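Undergrad: Before I ask anything, here is the structure I am working with.
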Amino acid sequence: MHETVSRVTAEDDGFQHRFLKAIFLYHTADNQGYVENELNLSSYGKINKIIFASPGYHSRGSSLVANVPEGPYFLAIGTGALYQAFRLYPDHQLAFTEAALQPTIPANRHTSQLRLGIKDIFELAGLRTSGGNRAFYNLYPPRNRTAPAIQRLIDAGAIVFENGDNPTADWVDFHCPFNPRGDGYQSPGGSSSGPAAGIASYEWLDIAVGRDTGGSMRNPAGLQGICGNRPSTGAVTMEGVLSLCDVLDTGRGTVLHAWYQNSERASKGCPRTGALLEEVVAGIEGLLQARREVVDTPSRWEETYPSGAPSNIIELLNTTYAILTSVHQYKNLALPIFTDYAAEHDGRHPYINPGPRVRWAWSQENGGDPGYEMALRNKTIFKDCAPTEPPIGFKDGRIATMAGVPDVVVPVGEVSYASTVSLRTEYMAVTMDLMLANLVRDLEKAGILKAVGTGSRMYD
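Pasting the structure below:
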């Protein structure tokens, strides 16, 4: 019993010794049970009752109708019902929108249980989905099922703790989460800012998932100094998820194996960042016994572009991402909610935050369906070869998006800056992208990458 109490104390943060005022001991023998004096139960404080019980045995008028996992519970005296105890945590960074209690307890509760934060675009049985829009949240009923990608994590032992924030471009319906790094007022990135802010802020949150179409979690992970990955397109099912663009969408988790930046440019903007990235790249060269090769994507495209395609990659992909995402979302999200909302509210139009409202209008002014087909063709050409405005242009971060390949953001250090908020020297995160997912663990083992903590500083 001492071993059990010690284990539960260490592994279940909802447990405290006051739960030991009444103890149910699972009893399998036919005779009446008893507790030997040498167990020294007085070390746990005042214990009012010790009850031996199981589905097949009872004492003192008490019995269990089913096996109950070890841990703390509340007992309803009137009915005899047991209720699992959960610990509540404050969300001072505004990373969450809604609390969720998982209806079932995994059999491996203490061995693989991880607290999971979820971007508010994934369907969760019994909960409404908002996609960052109050009209959407209030219009549609709670979901009848959980998105398969989330159910897979639950089946593996994850516990849904809360529903992560998915703020829209101008944060009108839902407030933007706060980035805990530095002075606490730096941008958290987007659009999956809630999952990243939660991981960077709270030790009690183990993993968080969102969607990465064009960098929606790589960007927040980078700005908040945590690990995050974009799986290959199709590696994680997007069934039961509000879609930005089905040919680009892919799930994303801030813990890589639970589910599934350009150093030259950075060094020009901040010499200290460039020196830090140079140190990391040199460490990777030493680990792999390889030499770096700097790739100029536009120049390489000019040398290798396929017949019939533009020789300038900017000409090929300038509006491709903007058209694909805005046209797809207009047809599959905007039009349905406009129709359904009008039917429920006497022809009225729902409020849409400025960012998506401008993008949807732009999509219809710049080609609509024909433009979408041309953008899809341009995206396919690239793949086969290799906030209040639409996301026009091409950058290195879109390579993984267009090619459908994985991309992993990892924290490599932090640099100081003079904060205009705190008027003190603060520290911001420095991260880099890797397209070799399994390399991350080896880099950590070699000491090139280090685990980060929560709060204003990444490292103690």
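For what it's worth, my numbering labels the leading residue of the sequence shown as 71, then goes sequentially.
For glycine and all other residues, C-beta sits at the position ideal for the given N, C-alpha and C.
Quick caveat, the model's predicted, so the values are computed rather than measured.
Taking only runs that begin and end inside the region 224-300, name each unbroken beta strand (DSSP E) of 3 or more residues, in chain order.
TA: 228-234, 277-281, 298-300
Undergrad: With a CB to CB cut of under 6 Å and the five nearest residues on each side skipped, what residues in its chain are close to glycine 353?
TA: Ile518
Undergrad: Could you tell me how far apart the beta carbons of isoleucine 384 and tyrosine 442 are, in whole angstroms, since I believe they sit closer than 8 Å?
TA: The Cβ separation is near 20 Å, so there is no contact.
Undergrad: Assign glutamine 399 to one of two classes, buried (16 or more other C-beta atoms within 10 Å of its C-beta) or exposed (fewer than that).
TA: The Cβ neighbour count for glutamine 399, taken over all protein chains shown within 10 Å, is at least 16; the residue is labelled buried.
Undergrad: From the DSSP output, in three-state form, read off valine 365 for me.
TA: coil
Undergrad: Cα separation between serine 526 and valine 482?
TA: Approximately 16 Å, taken between the alpha carbons.
Undergrad: Could you check whether the region 345-360 touches the region 398-412, counting it as contact only if at least three pairs of C-beta atoms, one from each stretch, sit closer than 8 Å?
TA: At 8 Å Cβ cutoff, the stretches do not touch.
Undergrad: Using CA atoms only, rank isn't needed, just tell me which of Leu194, Thr390, Leu314 is closest to serine 262.
TA: Leu314
Undergrad: Using CA coordinates, which residue listed in Pro420, Tyr143, Arg185, Leu164 is at the minimum distance from glutamate 273?
TA: Arg185
Undergrad: Compare the Cα-Cα distances from valine 491 to each of Thr199, Ile220, Phe156, Gly252 and report the closest residue.
TA: Gly252
Undergrad: Measuring straight from C-alpha to C-alpha, what distance separates threonine 303 and alanine 473?
TA: 9 Å
Undergrad: Can you tell which of Val479, Gly196, Ala488 has its C-alpha closest to the C-alpha of leucine 506?
TA: Val479
Undergrad: If you compare alpha carbons, which of Gly187, Val78, Phe206, Lys91 is closest to arginine 281?
TA: Gly187
Undergrad: Grab me the residues of aspartate 247's own chain with a C-beta within less than 6 Å of its C-beta, minus the 5 sequence neighbours each way, in chain order.
TA: The question names aspartate, yet the displayed sequence has proline at residue 247. So the list reads Gln163, Leu164, Ala165, Asp235, Pro258, Ser263, Gly264, Ala267, once near-sequence residues are dropped.
Undergrad: Give the straight-line distance between the Cα atoms of asparagine 388 and alanine 404, rounded to the nearest whole angstrom.
TA: Going by C-alpha positions, asparagine 388 is about 24 Å away from alanine 404.
Undergrad: Measure how close the beta-carbons of glycine 284 and tyrosine 391 come, nearest whole angstrom, since I'm counting them as under 8 Å.
TA: 5 Å
Undergrad: With C-beta atoms as the reference, is valine 522 less than 8 Å away from glycine 295?
TA: yes
Undergrad: Look up phenylalanine 144 in the DSSP assignment and say whether it is helix, strand or coil.
TA: strand
Undergrad: How many whole angstroms separate the CB atoms of glycine 310 and proline 426, which I take to be in contact at a CB cut-off of 8 Å?
TA: Contact flag wrong, Cβ pair sits at about 21 Å.
Undergrad: Is DSSP giving threonine 490 helix, strand or coil here?
TA: coil
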